[in-house]
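Numbering (numbering that gives the first Met the number 0), first residue to last: 0 to 248. Glycine is no exception: its CB is placed at the ideal position from the N, C-alpha and C atoms. These notes are about the structure you will find just below.
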Amino acid sequence: MGAERSNHKAEPGLEPSRRRRWRWKYLLWLPVLFVAGSVLQVAVLRFIDPPLSTVMLWRYGEALGQRDWGYRLHYQWRDLDQMAPSLPISLVAAEDQRFPEHNGFDLKAIEKARDHNARGGRLRGASTISQQVAKNLFLWQGRSWVRKGLEVWYTVLIEALWPKSRILEMYANIAEFGDGIYGAQAASRQFWNKDAAKLTPAESAKLAAVLPAPRRYNAARPGPYVQRRANWIQRQARQLGGDAYLQED
Numbered sequence: 000m001g002a003e004r005s006n007h008k009a010e011p012g013l014e015p016s017r018r019r020r021w022r023w024k025y026l027l028w029l030p031v032l033f034v035a036g037s038v039l040q041v042a043v044l045r046f047i048d049p050p051l052s053t054v055m056l057w058r059y060g061e062a063l064g065q066r067d068w069g070y071r072l073h074y075q076w077r078d079l080d081q082m083a084p085s086l087p088i089s090l091v092a093a094e095d096q097r098f099p100e101h102n103g104f105d106l107k108a109i110e111k112a113r114d115h116n117a118r119g120g121r122l123r124g125a126s127t128i129s130q131q132v133a134k135n136l137f138l139w140q141g142r143s144w145v146r147k148g149l150e151v152w153y154t155v156l157i158e159a160l161w162p163k164s165r166i167l168e169m170y171a172n173i174a175e176f177g178d179g180i181y182g183a184q185a186a187s188r189q190f191w192n193k194d195a196a197k198l199t200p201a202e203s204a205k206l207a208a209v210l211p212a213p214r215r216y217n218a219a220r221p222g223p224y225v226q227r228r229a230n231w232i233q234r235q236a237r238q239l240g241g242d243a244y245l246q247e248d
């Protein structure tokens with residue numbers, strides 16, 4: 000009887016140990032599942048156009064949290080060949096002139112930005128178009144080491160699994176060009192009441208010019224800063240060789 004009682008007390012003690020072992024097994028599988036899931040996610044989006052981006056959902060939730068009941072998202076997908084040729088080269092001229100050459104990270108631009116910021120003054124970033132697609136499409140807003148690490152991971156996946164033309168097409172469609180206005184087609188309809196295919200080089204440059212702060216600047220009613228920047232973007236686009244610069248991909 001005493002032995003039976005001892006065995007009966009020992010059995011429950013094994014159960015927590017088993018649970019701990021299973022818990023560790025599950026935790027060890029989490030990184031594998033994340034890697035597999037994120038690779039599948041990026042691979043699918045090479046061929047399927049996203050209905051929304053994470054930044055769009057985040058912004059919509061932010062508006063609801065502020066009780067902005069009139070807030071609307073404007074988003075209409077257009078393939079790259081349905082946009083004016085001046086738009087992609089304007090985006091590259093404004094945001095990432097080494098876009099066709101780098102593999103997602105522009106080390107020269109990072110070094111220049113670091114040296115500039117070390118001297119003080121207005122902070123300068125060095126995010127490539129690929130990094131901005133990773134942030135806007137997959138990640139939440141804010142700054143943290145976790146978010147930065149995920150940005151690097153998704154940028155590597157995007158560059159590995161997508162052609163450059165798809166990266167640029169995605170950026171042109173999910174970038175914010177005004178408060179709640181995402182993508183070149185929605186921006187073109189909202190600002191000039193026409194399709195993105197009919198954008199002029201000047202209008203394309205103005206859209207690219209507002210990207211540093213699309214809620215502050217207006218492409219349809221450009222102030223001195225936007226106009227100067229748009230003129231600079233047009234000059235840079237011509238120096239790069241126009242839309243032929245992007246046709247090597």
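In the DSSP output, which residue or residues are listed as bridge partners for residue i?
| i | result |
| --- | --- |
| I180 | H73 and G177 |
Could you tell me the distance, in whole angstroms, from the CA atom of residue i to the CA atom of residue j?
| i | j | result |
| --- | --- | --- |
| W144 | S129 | 18 Å |
| A188 | V38 | Before going on, a small fix: residue 188 reads as Arg here, not Ala. Cα to Cα, R188 sits roughly 34 Å from V38. |
| D67 | A174 | 22 Å |
| A185 | L210 | 15 Å |
| N230 | S89 | 11 Å |
| A219 | F190 | 5 Å |
| N102 | A207 | 22 Å |
| Y224 | T127 | 22 Å |
| G141 | R58 | 12 Å |
| D194 | M82 | 8 Å |
| G36 | R227 | 44 Å |
| A243 | A183 | 20 Å |
| R165 | R45 | 7 Å |
| R237 | A196 | 19 Å |
| V54 | P30 | 24 Å |
| L56 | K111 | 33 Å |
| G69 | K147 | 33 Å |
| S52 | Q131 | 12 Å |
| W161 | L245 | 15 Å |
| R71 | E61 | 12 Å |
| Y216 | A42 | 35 Å |
| E168 | L79 | 5 Å |
| Q258 | G177 | As shown, the chain starts at 0 and ends at 248. That puts residue 258 outside it, with no answer to give. |
| I232 | G240 | 12 Å |
| R77 | P50 | 12 Å |
Provide the residue span of the alpha helix (DSSP H) that contains residue i, from first to last.
| i | result |
| --- | --- |
| S85 | S85 to E94 |
| A229 | P223 to L239 |
| L142 | Per the sequence shown, the amino acid found at residue 142 is Arg instead of Leu. Looking at the DSSP string, R142 is not in any alpha helix (DSSP H), and its letter there is neither H nor E. |
| T53 | T53 to G64 |
| E202 | P200 to A208 |
If we count the other Cβ atoms within 10 Å of its Cβ and call it buried at 16 or more, is residue i buried or exposed?
| i | result |
| --- | --- |
| R234 | exposed |
| Q65 | exposed |
| P213 | buried |
| G179 | buried |
| Y25 | exposed |
| I47 | exposed |
| L198 | buried |
| F33 | exposed |
| L27 | exposed |
| A171 | buried |
| E158 | buried |
| D105 | buried |
| V91 | buried |
| L63 | exposed |
| P87 | buried |
Is there at least one Cβ from chain C nearer than 8 Å to residue i's Cβ?
| i | result |
| --- | --- |
| W28 | The structure shown contains no chain C; it holds only a single protein chain. |
Quiz prompt | Sufficient close CB pairs (3 or more, under 8 Å) joining the region 197 to 207 to the region 95 to 107 | solution = Touching, no.
Quiz item: Does the count of Cβ pairs from the region 149 to 168 and the region 130 to 137 closer than 8 Å reach three?
Solution: In short, these stretches touch, since the Cβ pair count reaches three.
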